[in-house]
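**Student:**
Residue numbers (my numbering), protein chains in the order written: chain A, 158 to 240; chain B, 158 to 240; chain C, 14 to 145; chain D, 14 to 145.
And the structure:
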């Protein structure tokens, strides 16, 4: 059964996507890498920033092979700059 | 012409000498080492602390071969413990 | 280890924070770090920095850092951190950190580690607000 | 580099010191160190520490340290240090140090260096005052 995930964009990634968030339907067993692939097709300028893109699912950083579940919230953002 | 120097004792060195200061007459050309020798003869318990004794002339640390002058103030003290 | 974490849009209340320090008979060293917004960025004058925080994740990541600190420096007695978000005018602090320990070595090391790690993993970003 | 040095028998006026910080548009990092008298020394409870200072030499040695800091960390903007002498009850600070610089690396390094060197060369000693 396909799953639906929400994707949130932070900082200047929002300027590239022109939206703070989007939704995406993926096949069962889809991973973070699958979301990135989808997002990069839709927003080529985000693809250019792929090397410095950080990915979290919920409130934890996750690697590309992390398997997603229905209702997951995937956050994409550039390097953090607190302080 | 012999010189006269004042010797000051700090922290628990005062407890060993039973005085905060003393005076001492030395031959011309005398060094810090000569003062220490004199003091150690007078106060054998200070001699026991010789390895950790710090020596200043005026407000500067000085090595044993430093040559003293009339009126110099020589301070002897244990390791410092500020903070 | 006593922990206090605050993400706030209001100016950092330095006086209140100093007054509310938890005193203990064993804390010999208190390190405080204040990160202040500078008046220029890359040589250009700026009016302010505008900080954005992904707040739930920022809180979670800070708590994980605090937990690592407890393991790495068991002697730490207290860590308090306040990060401001939204517009922070030049000259005002955006970050306040206080670390308390019996000895200064641990307090200095832990405080520096916390700030370094924060700048690596806590989802907060800034944008410059140019002078008018 | 702005310098402020105080050797005082009175309690360290933390509020006044915080209020009198010299603000500058380029100081991004302010490190403050507070050395507090612990309630025990070598496992034994103590009431206070009694600090003795050879004051003219202490001032001279502190100024030499400040001068070395200026050479070693030219970016430093301000260094202020207050050391209390006489009886300092447990729980009260005996030492307050503040170092300000554009970036935290220099501020942390310089502050730690100053405290380490102070403990090596500045003629101040302490004695424990046992609990009654």
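Ideal Cβ placement from N, Cα and C applies to all residues, glycine included.
#1: Taking only beta-carbon atoms, is residue 49 of chain C less than 8 Å away from chain D?
#2: Should residue 106 of chain C be listed as close to the ligand SAM, given that the test is whether its C-beta is under 7 Å from any heavy atom?
#3: Please state the DSSP three-state secondary structure of residue 50 of chain C.
#4: Could you check how far apart the C-beta atoms of residue 110 of chain D and residue 128 of chain D are, in whole angstroms? I think they sit under 8 Å.
#5: Which residues in the same chain as residue 142 of chain D place their Cβ atom closer than 8 Å to its Cβ, once the five residues preceding and following it in sequence are excluded?
#6: Identify whether residue 183 of chain A lies in helix, strand or coil by the three-state DSSP scheme.
#7: For residue 143 of chain C, does the three-state DSSP call read helix, strand or coil?
#8: Taking 8 Å as the cut-off, decide whether the C-beta atoms of residue 113 of chain D and residue 122 of chain D are in contact.
#9: Residue 27 of chain C lies in the alpha helix (DSSP H); which residues open and close that run?
#10: What residues of chain B sit near residue 107 of chain D, judged by a beta carbon separation below 9 Å?
#11: Determine contact between the segment 200 to 210 of chain A and the segment 163 to 176 of chain A, defined as no fewer than three beta-carbon pairs at a distance below 8 Å.
#12: Considering only the beta carbon of each residue, do residue 15 of chain D and residue 90 of chain D sit closer than 8 Å?
#13: Specify, as a first and last residue, the run of the alpha helix (DSSP H) that residue 201 of chain A falls within.
#14: I'd like to know whether the C-beta of residue 214 of chain B is nearer than 8 Å to at least one C-beta of chain D.
#15: Counting Cβ pairs closer than 8 Å, one from the segment 180 to 196 of chain B and one from the segment 20 to 29 of chain C, do we hit at least three?
#16: Going by DSSP in three states, residue 36 of chain C sits in which element: helix, strand or coil?
#17: May I have the straight-line CA-CA distance separating residue 193 of chain B from residue 166 of chain B, to the nearest angstrom?
#18: As an exercise, report each continuous alpha helix (DSSP H) stretch of at least 4 residues that is fully enclosed by the segment 112 to 140 of chain C, in chain order.
#19: My output table needs one value for residue 172 of chain A: the three-state DSSP class, helix, strand or coil.
#20: Can you give the Cα-Cα distance for residue 187 of chain B and residue 116 of chain D, rounded to whole angstroms?
#21: Rounded to a whole number of angstroms, what is the C-alpha to C-alpha distance between residue 71 of chain C and residue 97 of chain C?
#22: For residue 58 of chain D, which beta-bridge partners are listed by DSSP?
#23: By the 10 Å Cβ neighbour count, where 16 or more other Cβ atoms means buried, how is residue 221 of chain B classified, buried or exposed?
#24: Under 8 Å between the Cβ atoms of residue 184 of chain A and residue 209 of chain A?
#25: Cβ of residue 48 of chain D within 8 Å of Cβ of residue 38 of chain C?
#26: Would you say residue 142 of chain C reaches chain A, if we count a Cβ-Cβ gap shorter than 8 Å as a contact?
#27: List, in chain order, every chain D residue whose beta-carbon is nearer than 9 Å to that of residue 179 of chain B.
**Tutor:** Answer, in terms of the structure:
#1: To locate residue 49 of chain C, count along the third chain from 1; it is residue 36. Judged by the 8 Å Cβ criterion, residue 49 of chain C is in contact with chain D.
#2: This structure lacks the ligand SAM, and indeed carries no ligand of any kind.
#3: Here residue 50 of chain C corresponds to residue number 37 of the third chain, with the count starting at 1. In the structure shown, residue 50 of chain C sits in coil (DSSP, three-state: anything other than H, G, I, E or B).
#4: Counting from 1 along the fourth chain, the entry for residue 110 of chain D is found at position 97. Counting from 1 along the fourth chain, the entry for residue 128 of chain D is found at position 115. With a Cβ gap of about 6 Å, residue 110 of chain D and residue 128 of chain D count as contacting.
#5: Here residue 142 of chain D refers to the residue found at position 129 when the fourth chain is read from its first residue. Only 59, 60, 61, 62, 63, 100 meet the Cβ criterion.
#6: Walking along the first chain from the start, residue 183 of chain A turns up at place 26. The answer is strand: DSSP assigns residue 183 of chain A an E or B state.
#7: Here the question's residue 143 of chain C lines up with position 130 in the third chain. When secondary structure is reduced to three states using DSSP, residue 143 of chain C falls in the strand class.
#8: Against the fourth chain, residue 113 of chain D aligns to sequence position 100. Against the fourth chain, residue 122 of chain D aligns to sequence position 109. Contact annotation: residue 113 of chain D and residue 122 of chain D have beta-carbon atoms that are not nearer than 8 Å.
#9: Within the third chain, numbered from 1, the residue matching residue 27 of chain C stands at position 14. DSSP places residue 27 of chain C inside the alpha helix (DSSP H), whose first and last residues are 27 to 32.
#10: Working through the fourth chain from its first residue, we reach residue 107 of chain D at position 94. Correct list: 239, 240.
#11: In short, these stretches touch, since the Cβ pair count reaches three.
#12: Translated into the one-based positions of the fourth chain, residue 15 of chain D becomes position 2. Translated into the one-based positions of the fourth chain, residue 90 of chain D becomes position 77. Yes, these two residues count as a Cβ contact at 8 Å.
#13: As a working mapping, residue 201 of chain A is identified with position 44 in the first chain. Its alpha helix (DSSP H) spans residues 201 to 205.
#14: One-based indexing of the second chain puts residue 214 of chain B at position 57. False, the Cβ-Cβ gap to chain D never drops below 8 Å.
#15: Output reads no: the segment 20 to 29 of chain C does not touch the segment 180 to 196 of chain B.
#16: Position 23 of the third chain, counted from the first residue, corresponds to residue 36 of chain C. In this structure, residue 36 of chain C counts as coil in the three-state DSSP scheme.
#17: Your numbering for residue 193 of chain B matches position 36 in the second chain. Your numbering for residue 166 of chain B matches position 9 in the second chain. If I take the Cα positions, the gap works out to 12 Å.
#18: Taking only runs of at least 4 residues, the alpha helix (DSSP H) segments lying wholly in the segment 112 to 140 of chain C are 117 to 134.
#19: Counted from its first residue, the first chain places residue 172 of chain A at position 15. The answer is helix: DSSP assigns residue 172 of chain A an H, G or I state.
#20: Here residue 187 of chain B refers to the residue found at position 30 when the second chain is read from its first residue. Here residue 116 of chain D refers to the residue found at position 103 when the fourth chain is read from its first residue. Approximately 50 Å, taken between the alpha carbons.
#21: Taking the first residue of the third chain as position 1, residue 71 of chain C is located at position 58. Taking the first residue of the third chain as position 1, residue 97 of chain C is located at position 84. The straight-line gap from Cα to Cα measures roughly 12 Å.
#22: By one-based count along the fourth chain, residue 58 of chain D stands at place 45. DSSP, once it has assigned bridges, lists D/53 as partnering residue 58 of chain D.
#23: Mapped onto the second chain, residue 221 of chain B falls at position 64. Residue 221 of chain B comes out exposed.
#24: Residue 184 of chain A sits at position 27 when you count from the first residue of the first chain. Residue 209 of chain A sits at position 52 when you count from the first residue of the first chain. The answer is no: Cβ separation not under 8 Å.
#25: As a first step, residue 48 of chain D must be located in the fourth chain, where it is residue number 35. As a first step, residue 38 of chain C must be located in the third chain, where it is residue number 25. Taking 8 Å as the Cβ cut-off, residue 48 of chain D and residue 38 of chain C do not qualify as a contacting pair.
#26: Locating residue 142 of chain C in the third chain gives position 129, counting from the first residue. Cβ-Cβ to chain A under 8 Å: no for residue 142 of chain C.
#27: For the purposes of this step, residue 179 of chain B is taken as the residue at position 22 of the second chain. Result: empty, since nearest Cβ-Cβ is about 16 Å, beyond 9 Å.
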